[in-house]
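A quick write-up on the structure given underneath.
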Amino acid sequence: DAKTTQPPSMDCAEGRAANLPCNHSTISGNEYVYWYRQIHSQGPQYIIHGLKNNETNEMASLIITEDRKSSTLILPHATLRDTAVYYCIVRVQAAGNKLTFGGGTRVLVKP
Amino acid sequence: DAGVIQSPRHEVTEMGQEVTLRCKPISGHDYLFWYRQTMMRGLELLIYFNNNVPIDDSGMPEDRFSAKMPNASFSTLKIQPSEPRDSAVYFCASSLKGVEAFFGQGTRLTVV
Chain A
1 DAKTTQPPSM DCAEGRAANL PCNHSTISGN EYVYWYRQIH SQGPQYIIHG LKNNETNEMA
61 SLIITEDRKS STLILPHATL RDTAVYYCIV RVQAAGNKLT FGGGTRVLVK P
Chain B
1 DAGVIQSPRH EVTEMGQEVT LRCKPISGHD YLFWYRQTMM RGLELLIYFN NNVPIDDSGM
61 PEDRFSAKMP NASFSTLKIQ PSEPRDSAVY FCASSLKGVE AFFGQGTRLT VV
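Top line first, the protein sequences correspond to chains A and B.
Note that my numbering has the first sequence beginning at 1, numbered continuously upward.
Note that my numbering has the second sequence beginning at 1, numbered continuously upward.
Structure follows, in structure tokens:
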């Protein structure tokens, strides 16, 4: 699986959009971009994934650049409960392909 | 569904003792994963199963660790003998066809 690079930490203001970047310059054509988050003392939680088109669900939006070498997770209206470590993972969506977690970005939402 | 259920939530044991962690995956899911999380090493995949069969155990740190999945609704991770360096939070996760993984709340293991 391709390696990802994320900033170790970032702050954002409550109610504002949080834009979390991820670089994956060695991504292959059949690799998807996944985002998970881990709130303190809980297990990781799936947020969203995509291949090349932008994706949106009730939690977030995922913007993938045209060359697919980077992506941005957008939390449209951050709340204090969004404070967590966010993991960007690139993997082949073959059945059973394992999830490998890196260091992630520690996001602190401030009032 | 109640989600992935792990037990116990907390375990404190003495060095040298056997420890068994348990996991009940989401009904109908065909993949089960065991992860370990420490401050130093982050989240590490230990082993995963597909339809109760171990597929990749390359993350299991050593022979003291073993995992079984006797049926689709139950898995165990056993450490024998336990050592202080095994202290960590152990997560179990399950998924359908390996896409979106659902994690349990974890078992915090402390070996003294």
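Even glycine gets a Cβ: it sits at the ideal position worked out from N, Cα and C.
By the Cβ test, the region 100-109 of chain B is not in contact with the region 43-54 of chain B, since fewer than three Cβ pairs between them sit closer than 8 Å. Within the model, the alpha-carbon separation for Gly29 of chain A versus Glu18 of chain B is close to 45 Å. Per DSSP, the unbroken beta strand (DSSP E) holding Arg106 of chain A starts and ends at 105-110. Looking at B:Gln6, B:Pro70, B:Lys97, the one whose alpha-carbon comes closest to that of Tyr35 of chain B is B:Gln6. Among the residues of the region 79-110 of chain B, those with a Cβ less than 8 Å away from any Cβ of chain A are Phe91, Ala93, Lys97, Gly98, Val99, Glu100, Ala101, Phe102, Phe103, Gly104, Gln105, Gly106, in the order of the chain. Cβ proximity to chain B below 8 Å picks out Pro44, Gln45, Tyr46, His49 from the region 44-60 of chain A. Per DSSP, reduced to three states, the secondary structure at Leu51 of chain A is coil, with no helix or strand assignment. When C-beta distances to chain A are compared with 9 Å, the residues of the region 53-81 of chain B below that value are Ile55, Asp56, Gly59, in chain order. Taking a Cβ-Cβ cut-off of 9 Å, the neighbours of Gly42 of chain B in chain A comprise Phe101, Gly102, Gly103, Gly104, given in sequence order. It is roughly 32 Å from the alpha-carbon of Ile26 of chain B to the alpha-carbon of Pro21 of chain A. Residues of chain A with a Cβ closer than 9 Å to the Cβ of Leu32 of chain B do not exist, since the nearest Cβ in that chain sits about 10 Å away.
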